[in-house]
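FYI, the numbering for the sequence shown is 1 to 360, going by full-length UniProt numbering.
Don't be surprised by glycine CBs; every beta carbon is placed ideally from N, CA and C.
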Amino acid sequence: MIPDYSKVHSKFKLDRNHYSFEDLDEVAYSFVKEGRPFEQDIGNFLLDWLDKKDYITVNTSGSTGKPKPIKISKQGMVNSAVATGNYLKLNPGDTALYCLPAHYIAGKMMLVRAIILGLELDLTQPTSQPIFDYKKHYDFVAMVPLQLEKIYGYCDAIKTIIVGGAPVSNNLKKVIQGIKSNVYETYGMTETITHIALKKLNNFNEAGSVASSHFKTLPNILLSQDERNCLVIDAPKISTEPIVTNDIVKLYSETEFEWLGRFDNIINSGGIKFSPEQIEAKLQNKIKQRFFIASEKDERLGEQVILVVEDESNTMADSVFSELEKFEKPKAIYNVAQFNETTSGKIQRSKILKQLKVQN
């Protein structure tokens with residue numbers, strides 16, 4: 001039986017204290033009035049969660065443009081929490097760590113999962129390197145890649161880690177092969193109430209666990225593609241309408257897919273179409289700094305491929321591009337001292353290109 005959003009699980013704890021639905025109201029006001037900035041965000045969300053409306057208003061991440069407010073169903077958030085709990089076999093009384101800002105959907109959903117599933121949630125300030133008791137056992141943690149990169153050496157006591165909000169680099173995938181935690185990459189967005197699919201990244205020797213580039217959906221979610229080969233998500237327990245994305249995918253079944261890139265990032269150079277993300281994948285082990293592939297206007301080709309690197313130096317050996325096809329090779333390299341990014345660590349490509357005055 002799916003719980004109602006107005007209920008609080010009897011096993012739920014926040015920083016080791018039990019709270020009822022009514023008690024949470026006092027906690028929320030206390031956080032807003034006396035808490036640190038991240039606690040104030042938690043308090044504001046809890047006040048929204050506890051009010052009489054059946055929805056909350058959240059902002060999209062802003063990684064591909066200006067953040068916009070959207071309404072999402074509270075019961076949809078509950079259904080998402082239950083689906084995650086079932087997929088990852090989370091049980092009442094399991095321990096969890098909060099280290100993502102409640103200003104965004106990922107942080108909000110950690111609170112909802114704890115309230116609905118009956119998790120014992122410890123709060124810590126959402127920073128690039130979360131500070132917590134590294135020796136304490138946690139059953140479940142959600143992080144962005146930068147956080148996992150900073151603490152992977154201390155997380156053997158964590159049973160399950162989900163990581164999302166930004167791409168997981170090949171280097172990070174390599175270093176987590178040596179940890180005991182089971183790590184999953186997530187696929188989702190604000191509109192899907194965080195993730196709707198997961199991909200296991202390590203510990204492939206476990207029974208039934210094999211390395212794969214495929215994401216697998218949570219329960220009660222079916223997939224299809226539109227005429228652009230972009231993913232369409234049918235998740236009736238989360239959204240009343242199918243969610244049409246701008247993510248180009250290779251669909252293996254109604255529940256499995258491989259992410260290839262963003263339709264709105266596609267480059268058409270001389271009539272040949274390129275996915276920047278596919279070029280980036282070829283360069284990932286060649287460039288140590290953060291970077292991304294984009295395009296700029298060109299009179300002859302229409303668009304030409306460019307490389308933007310987070311580095312003040314403009315030196316790049318030709319060997320870096322040895323695995324690229326002729327037309328994939330960047331025609332220009334731009335350097336930026338520091339990338340603009342969202343709170344979750346997503347690079348704001350359009351904002352960076354605008355500052356560089358690149359015409360695309």
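Less than 7 Å separating the beta-carbons of LEU222 and ASP234?
yes
For TRP49, which beta-bridge partners are listed by DSSP?
Answer is none; TRP49 lacks a bridge partner.
Per-residue DSSP class, three states only, for ASP41:
helix
So, under 8 Å CB-CB, LEU307 and PRO330 are touching, yes? Tell me the CB distance rounded to an integer number of Å.
4 Å
Using the DSSP secondary-structure output, state which residues sit across from LYS80 in a beta bridge.
Looking at the sequence provided, one finds Ser at residue 80 rather than Lys. DSSP, once it has assigned bridges, lists no residue as partnering SER80.
Between GLN177, GLU185 and PHE215, which lies nearest to ASN202 when the distance is taken from Cα to Cα?
GLN177
Closest residue to PHE132 among ASN59, TYR154, LEU119 and LYS173 (Cα-Cα distance):
TYR154
If you draw a straight line from the alpha carbon of ALA142 to that of ASP226, how long is it in whole angstroms?
31 Å
Under DSSP, the beta strand (DSSP E) around PRO242 begins and ends at which residues?
Careful: PRO242 lies outside any beta strand (DSSP E) and carries neither H nor E.
Unbroken alpha helix (DSSP H) runs of length 4 or more, entirely within the region 150–224: which are they?
170–175
Nearest candidate by alpha-carbon position, reference ASP48, set PRO167, LEU117 and PHE21:
PHE21
For GLU341, which residues in the same chain have their Cβ closer than 7 Å to its Cβ, ignoring the five residues on either side in sequence?
ILE347 and GLN348
Residue 384 to VAL358, Cα distance in whole Å?
With the chain covering 1 to 360 only, the question about residue 384 has no answer from this structure.
Which whole-angstrom value describes the C-beta separation of ALA157 and TYR138, a residue pair presumed to lie in contact below a C-beta threshold of 8 Å?
7 Å
Segments assigned alpha helix (DSSP H), at least 4 residues, entirely inside the region 325–357
349–356
As assigned by DSSP and simplified to three states, the class of LEU100:
coil
Of the listed residues ASN91, LEU100 and CYS99, nearest to ILE116 (C-alpha basis)
ASN91
Here's a check: name, in chain order, each residue in its chain whose Cβ is nearer than 7 Å to the Cβ of SER10, leaving out the five neighbours to either side.
GLY118
Same chain, Cβ closer than 8 Å to VAL32, five either side skipped, listed in chain order
GLN40, GLY43, ASN44 and LEU47
Rounded to a whole number of angstroms, what is the C-alpha to C-alpha distance between ALA96 and LEU251?
33 Å
Using CA coordinates, which residue listed in ASN220, SER253 and TRP259 is at the minimum distance from PRO242?
ASN220
Answer yes or no: do PHE263 and CYS230 have a C-beta to C-beta separation smaller than 7 Å?
yes
Quick one: Cα of LYS159 to Cα of LYS173, how far?
17 Å
Checking 7 Å against the spacing of the C-beta atoms, do PRO101 and GLY107 come in under that value?
yes
Hey, could you find the ends of the alpha helix (DSSP H) PRO236 is sitting in?
Premise fails: PRO236 is in no alpha helix (DSSP H) and is neither H nor E.
Quick one: residues in its chain with C-beta nearer than 6 Å to the C-beta of SER181, no 5 flanking neighbours on either side, listed in chain order?
CYS155, ILE158 and ILE161
Suppose the cutoff is 6 Å on Cβ atoms and the five residues either side in sequence are ignored; what does the same chain contact list for GLU149 look like?
LEU172
Leaving aside the five residues before and after GLY85 along the sequence, list all residues of the same chain whose C-beta is less than 6 Å from its C-beta, in chain order.
LEU117
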